[in-house]
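First the structure, in the form of structure tokens, and then the observations on it.
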Amino acid sequence: MARHGRPGKAGAPDGARGNRGHQAQRRGVLRPVAARLPLRPAGRAGLDTARAEQPGLRQADVPWDARAVSHPAPAVTVHAAVDGAIGTLTLDAPPLNLLSDALRAALLEALDEFKARRLRAVIVRSGGRAFCAGADLRDEVKLTPEQVQAFLDADEAVFSALAGFPGATLAAVDGYAYGGGFELALACDIRVAGRAARFAGVGVKLGLTVSTARLARVAGEGVALDLLLTGRVVEAHEAHVLGLVSSVTDDVDTEARRLADVVASRAPLSVQANKAGLRHCARLPLAEAVAYERGEWARLQRTGDHKEAVKAFFAKRPPVFTGE
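Residue numbers for the sequence shown follow this note's numbering, beginning at 202 and rising by one.
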């Protein structure tokens with residue numbers, strides 16, 4: 202199973218300006234998490250948002266074509282930045298941001314760092330013509346049967362780290378999200394597409410299987426069967442219609458940042474509980490799911506953030522959430 206930017210700030214969302222917990226971390230700078238993970242200055246201007254013009258989908262661009270992976274491997278970089286309570290990871294491994302061992306390791310280290318800093322939202326974005334075009338076939342074709350499980354585990358470690366991140370994770374997709382890149386986007390909580398976004402589960406074109414676990418949970422079994430049995434490419438507008446993405450926009454980075462700002466202004470414990478609860482309850486019979494939800498409601502009702510929200514409501518001011 203080879204699994205194969207930054208805007209100027211408009212108005213702050215409700216509660217964002219008054220949220221000291223959110224503002225306290227403004228313009229924080231991460232230490233480099235690895236030598237291959239160069240760090241740009243924090244803040245929106247520090248991210249490389251230049252985009253190559255999107256070409257039409259040609260055979261030479263299709264990631265499972267040998268021509269797309271026949272060149273020497275480029276240097277792998279992931280640029281990490283923190284602005285307030287929001288972290289941004291920019292994939293920068295041209296031309297297709299393939300999921301190599303180095304890229305996986307860099308993403309995991311950066312996510313660990315963001316988690317340690319208790320960031321409230323993480324945006325995953327890319328430069329160039331691809332969000333992520335999946336596995337590097339140069340690595341996959343060399344695998345021995347004994348190495349396959351480790352290869353798959355390395356992919357899943359990244360996807361699980363995104364899905365299990367305590368705050369919200371957002372995929373800002375502009376360009377190809379194929380195979381493992383599609384899975385990378387599916388592992389995020391929220392997906393936003395640029396006009397040039399393209400999605401495909403390409404397992405059937407490689408004689409493999411991919412995205413059977415996550416795609417149906419995001420878009421339903423019917424959509425998942427359509428996409429996975431055909432391996433067809435879905436353009437941005439159709440992805441929105443199918444429920445794969447929340448919106449399609451001319452400026453995917455601006456929209457992703459807007460959503461991240463909104464989430465970061467909300468009560469962190471509540472964000473965590475809603476995120477974890479949705480996934481946990483999906484596996485339970487209805488009565489057990491309702492019981493779980495009631496237990497979480499009672500737990501959160503005792504938190505300082507809930508008390509602060511009630512005070513702020515009656516005082517007609519934005520709440521100041523601390524995550525306690």
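We put the beta carbon where it would ideally sit given N, CA and C, even for glycine. Predicted model only: the values in this text are computed from it and were never measured.
*Taking the Cβ atom as the reference point for each residue, do residue 440 and residue 394 lie within a distance shorter than 8 Å?*
Against the sequence shown, residue 440 aligns to sequence position 239. Against the sequence shown, residue 394 aligns to sequence position 193. Cβ distance < 8 Å, so residue 440 and residue 394 count as in contact.
_Taking the alpha-carbon of residue 329 as reference, which of 360, 377, 287 and 355 has the nearest alpha-carbon?_
Within the sequence shown, numbered from 1, the residue matching residue 329 stands at position 128. Closest option to residue 329, Cα to Cα, is 377.
_Using a Cβ distance threshold of 8 Å, determine whether the segment 473-480 contacts the segment 325-345, with at least three qualifying pairs required._
no
*Curious, which full-length beta strand (DSSP E) runs of at least 3 residues does the segment 324-376 contain?*
331-333 and 369-374
*So, helix, strand or coil for residue 395, using DSSP?*
Mapped onto the sequence shown, residue 395 falls at position 194. DSSP places residue 395 in strand when its eight states are reduced to three.
_Per DSSP, cross-strand counterpart(s) of residue 284_ = Taking the first residue of the sequence shown as 1, we reach residue 284 at position 83. Per DSSP, 287.
*residue 459 to residue 343 span [Cα, whole Å]*: Start at 1 with the first residue of the sequence shown, and residue 459 comes out as number 258. Start at 1 with the first residue of the sequence shown, and residue 343 comes out as number 142. For residue 459 and residue 343, the gap between their C-alpha atoms comes out near 42 Å.
*Where the alpha helix (DSSP H) containing residue 424 begins and where it ends*: By one-based count along the sequence shown, residue 424 stands at place 223. Segment 422-431, the alpha helix (DSSP H) holding residue 424.
*Nearest CA to the CA of residue 505: which residue from 443, 468, 311 and 398?*
Within the sequence shown, the letter at position 304 stands for residue 505. Checking every option, the nearest Cα to that of residue 505 belongs to 468.
*Are there 16 or more other CB atoms within 10 angstroms of the CB of residue 222, so buried, or fewer, so exposed?*
What you label residue 222 is simply residue 21 of the sequence shown in a count that begins at 1. Annotation note: pLDDT 42 at residue 222 (below 50); position unreliable, coordinate value reported separately. Result: buried.
*Grouping DSSP H, G and I as helix and E and B as strand, with all else coil, what is residue 293?*
Here the question's residue 293 lines up with position 92 in the sequence shown. Looking at residue 293 - three-state DSSP - the assignment turns out to be strand.
*Smallest Cα separation from residue 339: which of 360, 324, 370 and 302?*
Numbered from its first residue, the sequence shown carries residue 339 at position 138. Among 360, 324, 370 and 302, the Cα nearest to that of residue 339 is on 302.
*For residue 490, which of helix, strand or coil comes out of DSSP?*
As a first step, residue 490 is located in the sequence shown; it is residue number 289 there, counting from the start. Helix.
*So, using beta-carbon positions, are residue 402 and residue 432 closer together than 8 Å?*
For the purposes of this step, residue 402 is identified with residue 201 of the sequence shown, where counting begins at 1. For the purposes of this step, residue 432 is identified with residue 231 of the sequence shown, where counting begins at 1. In this structure, residue 432 lies closer than 8 Å to residue 402 by Cβ.
*Express the C-alpha separation of residue 398 and residue 508 in angstroms, rounding to a whole number.*
Within the sequence shown, residue 508 is the residue found at index 307, counting from 1. Within the sequence shown, residue 398 is the residue found at index 197, counting from 1. Approximately 42 Å between the Cα atoms of the pair.
*What number of angstroms, rounded off, separates the C-alpha of residue 428 from the C-alpha of residue 360?*
As a first step, residue 428 is located in the sequence shown; it is residue number 227 there, counting from the start. As a first step, residue 360 is located in the sequence shown; it is residue number 159 there, counting from the start. The alpha-carbon separation between residue 428 and residue 360 amounts to approximately 20 Å.
*Run the CB neighbour count on residue 371, radius 10 Å, all protein chains shown included, and call it buried at 16 or more, exposed below.*
If you number the sequence shown from 1, residue 371 lands on position 170. By the 10 Å Cβ count, residue 371 comes out buried.
*By the 10 Å Cβ neighbour count, where 16 or more other Cβ atoms means buried, how is residue 423 classified, buried or exposed?*
The count along the sequence shown starts at 1 and reaches residue 423 at position 222. By the neighbour-count definition (other C-beta atoms within 10 Å, threshold 16), residue 423 is an exposed residue.
*residue 453 lies in the alpha helix (DSSP H); which residues open and close that run?*
Translated into positions along the sequence shown, residue 453 becomes position 252. Start and end: 453-465.
_Let me confirm a value: residue 413 is counted as buried when at least 16 other C-beta atoms fall within 10 Å, else exposed. Which label applies?_
Position 212 of the sequence shown, counted from the start, is the residue given in the question as residue 413. Classification of residue 413: exposed, given that the 10 Å Cβ count is below 16.
*Under 8 Å Cβ to Cβ from residue 217, same chain only, skipping five residues before and after it: list those, please.*
The residue given as residue 217 occupies position 16 in the sequence shown. Low local confidence applies: a pLDDT of 38 at residue 217 is under 50, so the model's placement there is unreliable, with the coordinate-based value given in what follows. Excluding positions up to five away in sequence, the list reads 223, 462, 463, 465, 466 and 519.
*Do you know how far the Cα of residue 481 is from the Cα of residue 525?*
Against the sequence shown, residue 525 aligns to sequence position 324. Against the sequence shown, residue 481 aligns to sequence position 280. Residue 525 and residue 481: Cα-Cα distance of roughly 22 Å.
*Rounded straight-line distance, which links the Cα of residue 501 to that of residue 389*: Taking the sequence shown and counting its residues from 1, one reaches residue 389 at position 188. Taking the sequence shown and counting its residues from 1, one reaches residue 501 at position 300. Straight-line measurement puts the Cα of residue 501 at about 24 Å from the Cα of residue 389.
*asked:* Using only the alpha-carbon positions, how far apart do residue 483 and residue 282 sit?
replied: For the purposes of this step, residue 483 is identified with residue 282 of the sequence shown, where counting begins at 1. For the purposes of this step, residue 282 is identified with residue 81 of the sequence shown, where counting begins at 1. When rounded, the distance between both Cα atoms is 33 Å.
*In its own chain, which residues sit with a C-beta less than 8 Å from the C-beta of residue 309, not counting the 5 before and 5 after it?*
Counting from 1 along the sequence shown, the entry for residue 309 is found at position 108. Taken in chain order, the residues that qualify are 358, 359 and 362.
_Please state whether the Cβ-Cβ distance between residue 373 and residue 293 is less than 8 Å._
On the sequence shown, position 172 is the one that residue 373 refers to. On the sequence shown, position 92 is the one that residue 293 refers to. At the C-beta level, residue 373 and residue 293 stay beyond 8 Å of one another.
*asked:* Taking the alpha helix (DSSP H) that residue 511 belongs to, which residues open and close that run?
replied: The residue given as residue 511 occupies position 310 in the sequence shown. Where residue 511 is concerned, the enclosing alpha helix (DSSP H) stretches over 505-516.
_Pop quiz: residue 279 and residue 297 are said to be a contact at Cβ under 8 Å. What is the actual Cβ separation, rounded to whole angstroms?_
By 1-based counting over the sequence shown, the position of residue 279 is 78. By 1-based counting over the sequence shown, the position of residue 297 is 96. The Cβ separation is near 15 Å, so there is no contact.
*When we look at the beta-carbon of residue 487 and count the other beta-carbons within 10 Å, is it buried (16 or more) or exposed?*
Reading the sequence shown from its first residue, position 286 is the one you call residue 487. Residue 487 is exposed by the Cβ-count criterion.
*Look at the alpha carbon of residue 411 and the alpha carbon of residue 354, and state the distance between them as a whole number of angstroms.*
Locating residue 411 in the sequence shown gives position 210, where the first residue counts as 1. Locating residue 354 in the sequence shown gives position 153, where the first residue counts as 1. So the two alpha carbons sit approximately 13 Å from each other.
*Give me the Cα-Cα distance between residue 497 and residue 489, rounded to the nearest whole angstrom.*
The count along the sequence shown starts at 1 and reaches residue 497 at position 296. The count along the sequence shown starts at 1 and reaches residue 489 at position 288. The alpha-carbon atoms of residue 497 and residue 489 are separated by roughly 12 Å.
*Simplified DSSP state of residue 304, which is helix, strand or coil*: Here the question's residue 304 lines up with position 103 in the sequence shown. In the structure shown, residue 304 sits in a helix (DSSP, three-state: H, G or I).
_Rounded to the nearest angstrom, what separates residue 286 and residue 322 at their Cα positions?_
Along the sequence shown, one-based indexing puts residue 286 at 85. Along the sequence shown, one-based indexing puts residue 322 at 121. The straight-line gap from Cα to Cα measures roughly 7 Å.
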